[in-house]
Amino acid sequence: MGRAVTVATCALNQWALDFEGNLERIFRSIDIAKSKGARYRLGPELEICGYGCSDHFYESDTLLHSFQVLEKLLESPATQDIICDVGMPVLHRNVRYNCRVIFLNKKILLIRPKISLANAGNYRELRWFTPWSKARHVEEYFLPRIIQEVTGQETVPFGDAVLATKDTCLGAEICEELWAPNSPHIEMGLDGVEIFTNSSGSHHVLRKAHARVDLVNSATAKNGGIYILANQKGCDGDRLYYDGCAMISMNGETVAQGSQFSLDDVEVLVATLDLEDVRSYRAEISSRNLAASKVNPYPRVKVNFALSCPDDLAVPTCMPIQWRHHSPEEEISLGPACWLWDYLRRSKQAGFLLPLSGGIDSSATACIVYSMCHQVCLAVKNGNADVLADARRIVNDGTYIPEDPREFCKRVLTTCYMASENSSQDTCNRAKLLAEQIGSYHISLNIDAAVKVVVGIFSVVTGRTPQFSVYGGSSRESLALQNVQARIRMVLAYLFAQLTLWARGMPGGLLVLGSANVDESLRGYLTKYDCSSADINPIGGISKTDLKSFIQYCIENFQLTALRSVMSAPPTAELEPLVDGQVAQTDEADMGMTYAELSIYGKLRKIGKAGPYSMFCKLINIWKEIFTPREVASKVKHFFRMYSVNRHKMTTLTPSYHAENYSPDDNRFDLRPFLYNTSWSWQFRCIDKQVN
1418 MGRAVTVATC
1428 ALNQWALDFE
1438 GNLERIFRSI
1448 DIAKSKGARY
1458 RLGPELEICG
1468 YGCSDHFYES
1478 DTLLHSFQVL
1488 EKLLESPATQ
1498 DIICDVGMPV
1508 LHRNVRYNCR
1518 VIFLNKKILL
1528 IRPKISLANA
1538 GNYRELRWFT
1548 PWSKARHVEE
1558 YFLPRIIQEV
1568 TGQETVPFGD
1578 AVLATKDTCL
1588 GAEICEELWA
1598 PNSPHIEMGL
1608 DGVEIFTNSS
1618 GSHHVLRKAH
1628 ARVDLVNSAT
1638 AKNGGIYILA
1648 NQKGCDGDRL
1658 YYDGCAMISM
1668 NGETVAQGSQ
1678 FSLDDVEVLV
1688 ATLDLEDVRS
1698 YRAEISSRNL
1708 AASKVNPYPR
1718 VKVNFALSCP
1728 DDLAVPTCMP
1738 IQWRHHSPEE
1748 EISLGPACWL
1758 WDYLRRSKQA
1768 GFLLPLSGGI
1778 DSSATACIVY
1788 SMCHQVCLAV
1798 KNGNADVLAD
1808 ARRIVNDGTY
1818 IPEDPREFCK
1828 RVLTTCYMAS
1838 ENSSQDTCNR
1848 AKLLAEQIGS
1858 YHISLNIDAA
1868 VKVVVGIFSV
1878 VTGRTPQFSV
1888 YGGSSRESLA
1898 LQNVQARIRM
1908 VLAYLFAQLT
1918 LWARGMPGGL
1928 LVLGSANVDE
1938 SLRGYLTKYD
1948 CSSADINPIG
1958 GISKTDLKSF
1968 IQYCIENFQL
1978 TALRSVMSAP
1988 PTAELEPLVD
1998 GQVAQTDEAD
2008 MGMTYAELSI
2018 YGKLRKIGKA
2028 GPYSMFCKLI
2038 NIWKEIFTPR
2048 EVASKVKHFF
2058 RMYSVNRHKM
2068 TTLTPSYHAE
2078 NYSPDDNRFD
2088 LRPFLYNTSW
2098 SWQFRCIDKQ
2108 VN
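If you read the sequence shown in this note's numbering, its first letter stands for residue 1418, the second for the next number, and so on.
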């Protein structure tokens, strides 16, 4: 009868400019889709070149190599008898577009340019691409000669059109268009399109996945239809982790769910669905049918091909499922772990070095590496040959099989406790015990000799010796002495990262991991060029509050009992002298604010778009039960003074896993000056007027 259509979508771990690897992963996804009976295959946004090419999109090489990959796809027998929908940049009449290229049996059916470009937060698509603004308009696109020789076509349709197969009608959306208030699927659905496709380059943010799922399901709940979403996954070369979640939905309900976090480079979802379910669902929505009778029709590209088989009465169709969301603690455990694995294997390094202080932040970072080791062992156990090959190359052993996370952790993670005369025995013990429980190769050393040499040089040159404030020194002297300790730790971290394996008779070097959380970065509570300066930082986009919850999760799920004492200890930098052998310095006292307050400031500043005055106005209501307006004003002023004084530190912030929408990352996400008038005189005067 031709009712049951079988379609495939995928999540691919593409890598910017890795044309050879990207092509191989695309071929694998097509092979899997065909083996499962799919007649249509959808891939992620810009999958041929990789989504994160950034300014490489300006280069003609990127366009050329994308067409060379397309040529390989078109001429391959693997792409026969299945509609393939791939993403790549295309230059049309000297304008660069983010496009879907849809082809079947060596013929390009349609090139569909993106209509709504993502240009907020981490996205800068308007920098490289132009949106297609001619609604329901199609032009002729003259193909490059290398493509003409394969397809025998001189021109193909380019623009806003839909595909009409022998049994249904398909319309494409690209990523941001799903999130737009006037999404194309609305009008396409009214015009009779039954299958909507969306190729995405959507990255992970804590607690975001449900929003994407809700949007997909709501797209077909009001209008009926089948919605297929593909997404990139993994680290394709920068701070973002694309979190998969490929899915297929019908009439407002999910019928197939892909994983959000996994080490599989290629994941394919296939579903068989009954078109009559769409038609009957739409039939009883009278408001939809009235609107459909007046809709402006889309150009249709006729395709002599069917997604269904004529004799499909006995073909089983997919039923709705309940989407399973990860908790935030699971997201922290899995997302940064997968990001670290991609970075490690693609950078061709031999592991990580982590300065482990015994505090919450560095302990959380160690736990994320340990979680990565769990994921690697699980993937190998499940037969992932790619992960096994990468693990063997990293540890330089062609016969190695990672089976025990602790044993694998010892091979890929070196932890280093760098004590000073200001360090307590408690933090030393906590670091050592955690290292034992996760299995890392652990080093303990003392930095006092190096500190004395550096301070001694200053004293020889100036004739003066700085003192800590507890010994009568000024705050300037005390801060400088704290910074010397912190910066020497950074220098030693890089020295040991480069030469530890050499000293152990092993090849390769180590990536240095940073462990400053998002709140400390926002406040600037870190020494510029200390151990916050590293190669990468898996927790730089995660709040202290979430990290504490993650530590509790690790205690319960990884049985890391050493973390109990980490949780109960007050956060401290341990840079000032001990008092009676005990730590006297604490983070929150130093900062003049709590970590909970910092999270609120961060969300209001970035997500709430609040300057000092607006933040004060919001907080006098939020905190009306606990602080007077004058106290709120004092807190807001103190935060903005400290934030602006320290903003310059964000220009050198270690590349961090992006996990929070209030991240102060200065690279591309949170663009601000780094030289402020830190008196904020006009703004603070407005606050004072309201207080009075």
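C-beta: ideal position from N, C-alpha, C; glycine also.
Everything numeric in this text was worked out from a predicted model, so none of it was measured.
Counted within 10 angstroms of its Cβ, other Cβ atoms place residue i as buried (16 or more) or exposed
i	result
W1919	exposed
A1433	buried
H1791	buried
S1679	buried
D1691	buried
P1461	buried
L1686	buried
K1451	buried
S1985	exposed
S1619	buried
V2062	exposed
Y1888	exposed
G1654	buried
D1660	buried
E1464	buried
Q2100	buried
A2050	buried
V2053	buried
Residue i and residue j closer than 8 angstroms at C-beta
i	j	result
I1777	L1964	yes
L1912	A1767	no
I1645	I1603	no
R1763	I1811	no
M1605	V1672	no
V1622	N2078	yes
A1723	K1523	no
V1732	T1782	no
I1864	R1904	no
A1578	P1716	yes
F1885	P1753	no
E2110	S1533	Coverage of the chain is limited to positions 1418 through 2109, which leaves residue 2110 absent and any answer about it impossible.
F1428	E1684	Phe is not the amino acid found at residue 1428; the sequence shown has Ala there. Yes.
V1983	S1780	yes
V1610	G1576	no
I1591	Y1760	no
P1883	G1873	no
G1669	N1634	yes
DSSP three-state assignment for residue i, whether helix, strand or coil
i	result
F2091	coil
T2071	coil
V1845	Per the sequence shown, residue 1845 should be read as Cys rather than Val. In this structure, C1845 counts as helix in the three-state DSSP scheme.
T1944	coil
L1429	strand
F1520	strand
G1504	strand
A1836	strand
R1553	coil
V1718	strand
Endpoints, the alpha helix (DSSP H) within which residue i is located
i	result
F2033	2029-2039
Q2100	2098-2108
E2077	Where E2077 is concerned, there is no enclosing alpha helix (DSSP H), given that its DSSP letter is neither H nor E.
G1438	1436-1452
I1591	Where I1591 is concerned, there is no enclosing alpha helix (DSSP H), although the beta strand (DSSP E) it sits in stretches over 1586-1591.
H1913	Strictly speaking, residue 1913 in this sequence is Phe, with His absent from that position. Element bounds for F1913: 1892-1920.
G1606	1601-1607
T1637	1626-1638
A1781	1777-1798
Run of the beta strand (DSSP E) containing residue i, from where it starts to where it stops
i	result
E1820	Element bounds for E1820: n/a, residue is neither H nor E.
S1704	Not the beta strand (DSSP E): S1704 falls in the alpha helix (DSSP H), residues 1703-1709.
I1665	1664-1667
V1567	From DSSP, V1567 is part of no beta strand (DSSP E) but of the alpha helix (DSSP H) over 1562-1568.
C1739	The sequence given here has Gln at residue 1739, not Cys. It is not in any beta strand (DSSP E) - Q1739 carries neither H nor E in the DSSP assignment.
F1484	Segment 1477-1492 is the alpha helix (DSSP H) holding F1484; no beta strand (DSSP E) there.
Q1674	1670-1674
Between the stretch 1690-1707 and the stretch 1431-1439, do at least 3 Cβ pairs fall closer than 8 angstroms? no
With a threshold of 8 angstroms, are at least 3 pairs of Cβ atoms found where one atom belongs to the stretch 1701-1715 and the other to the stretch 1462-1482? no
Is the stretch 1855-1863 close to the stretch 1828-1838, with three or more CB pairs under 8 angstroms? yes
The stretch 1453-1467 / the stretch 1489-1503 touching (three or more Cβ pairs under 8 angstroms): yes
Should the stretch 2034-2042 be regarded as contacting the stretch 2083-2099, the criterion being three or more beta carbon pairs within less than 8 angstroms? no
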